[in-house]
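Offset between the sequence shown (1-based) and the numbering used here: plus 100. Built from N, CA and C at the ideal position, the CB exists for glycine as well. A quick note: this is a predicted structure, and the numbers were derived from the prediction, not measured. This report concerns only the one structure given below.
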Amino acid sequence: MGKGKGGGFGAVGRPGGGRNMLRQIEEMQARMLAEQESLGRETVEVSVGGGAVAVVMNGHQKLQSVAIRPELLSPDEAEMLSDLIIAAVNEAVERSQAIAGERMGALTQGLGLPPGLGL
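Structure below.
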């Protein structure tokens, strides 16, 4: 058999193998896009300092809101307020990234890709 056009064999040496692989890739892309959209709707809320500062972040690591107890808004509390905001935002980012990693990892698990590709 020649390797010319119309041989009927896919990329993996089986009839239609290339088409099946392409279909699987397209399905994976659609699932990943849907999951990315879902992550944008998911939120993580973190409260620090006994509820003094609370932040809400979505699954795309976009800060949605910051709530601060009014007593922390005095000039004497500026440094502590800054520290609390940083702690809350950093924890929210970590939680959001963990959720995204779990979701996307579940989709790409069977592909045999090396870890850490950011998919």
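In the DSSP assignment, the residues bridged to residue 148 are 153.
Taking the Cα positions, residue 146 is about 47 Å away from residue 118.
Around the beta carbon of residue 192, 16 or more other beta carbons sit within 10 angstroms, so the residue counts as buried.
Boundaries of the beta strand (DSSP E) around residue 164: 163 to 168. In its chain, beyond the 5 residues on either side, 139, 140 have a beta carbon closer than 7 Å to the beta carbon of residue 160.
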